[in-house]
DNA sequence: TTTATAATTGAGTATCATTCTCATTTATAA
DNA sequence: TTATAAATGAGAATGATACTCAATTATAAA
Ligand SMILES: [Mn+2]
Ligand SMILES: [Mn+2]
Ligand SMILES: [Zn+2]
Ligand SMILES: [Zn+2]
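Protein chains in written order, with the working numbering: chain C, -17 to 125; chain X, -17 to 125.
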């Protein structure tokens, strides 16, 4: 999906939700889809602030929420007290391996695990909505 | 394992670490092994404070860390900003399903998943140290 | 048992990510 | 162009957890 298509989809989503199209909101979307992935709110804030539109931390947080709510981004909790955001469009579901030493994030997906998860849920008559699966350890380069 | 055995093991662990045996530390251990599981620090603090030894929040946090460091408890991050602690002794590894509605926690373990995890790590030459696997959704009773 | 002392405790303060408040600014539809 | 509801930003608030440091206490030596 081209960035232009994404941008116009985002504008459509804003209109559909009765939200206004503002330079700050566009800037946050653009920053997130630069696809460096796994960005902290503060990173996004600094990146936008230093070279583009004037923006506040509050607005970055608010816009990241809008992106997550509308399926443009995914919010990750890596257990270190700071949320990360990654673009969701064109990025199918995956989970993460995180290096305890350098913080590097490796993405993985395993359909067998996904299937077993669903069986476990079904067995407990539990309606599965989301899951978190994170592997922590030491990456190849840090050993 | 009896609670008495656990208590003496804890005292041994404290001695081995050069730490003192205090009523506060004993009280936190006892509260945790009451096996209600998945307790918040504040719960533990209130429980001890209301019916036993005088204790402070700081000491509860410090002692929970000692328990985790020495293998007596496991610390869980359920993504809601408050850590949970569960006894680890006599409780083999398991993961958690959490109801998005009522907060109920169901424990599960699946050896196939555990095995695949290890294969994934090995494939990336990643030395696996811990993992988090949590399923979120709506429990049977809340549907 | 007393003493010396290093560890522990607790009250309060600090931290830090995130959310909230509200006065000012702005996007949008008429 | 105007009216106005929504959005923004600066700074305050929040909440879990960590830190500080003076007072207390567990422990080992005498
Ligand atoms: Mn990712
Ligand atoms: Mn458990
Ligand atoms: Zn690494
Ligand atoms: Zn439920």
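Even glycine gets a Cβ: it sits at the ideal position worked out from N, Cα and C. Note that this is a predicted model, so its numbers are computed, not measured.
Runs of the alpha helix (DSSP H) spanning 4 or more residues and lying entirely within the region -5 to 40 of chain X occur at 5 to 14 and 23 to 33, in chain order. Residues of chain C with a Cβ closer than 7 Å to the Cβ of residue 94 (chain X) are, in chain order, 98. One finds 102, 103, 106 and 108 in chain C with Cβ atoms closer than 8 Å to the Cβ of residue 79 (chain X), taken in chain order. Of the heavy atoms belonging to ligand 4, none sits nearer than 7 Å to the Cβ of residue 2 (chain X). Boundaries cannot be given for residue 106 (chain X), as no beta strand (DSSP E) includes it and DSSP labels it neither H nor E. Not one heavy atom of ligand 2 lies closer than 7 Å to the C-beta of residue 106 (chain C). If you draw a 10 Å sphere on the C-beta of residue 13 (chain C), you find 16 or more other C-beta atoms in it, and that means buried.
Straight through space, the alpha carbons of residue 6 (chain X) and residue 41 (chain X) are spaced by roughly 7 Å.
Under the DSSP definition of a beta bridge, residue 69 (chain X) partners with X:55. Chain C places no beta carbon closer than 8 Å to that of residue 84 (chain X), leaving this residue out of the contacts. A distance below 6 Å between beta-carbons, with the five flanking residues on each side excluded, links residue 30 (chain X) to the following residues of its chain, in chain order: 9, 13 and 37. Taking 8 Å as the cut-off, the Cβ atoms of residue 108 (chain C) and residue 70 (chain X) do not count as close.
Not one heavy atom of ligand 4 lies closer than 7 Å to the C-beta of residue -15 (chain X). Taking C-beta atoms as the reference points, residue 23 (chain C) and residue 55 (chain C) fail to come closer than 8 Å.
Contact with chain C is absent for residue 36 (chain X), since none of that chain's Cβ atoms lies less than 8 Å from the residue's Cβ.
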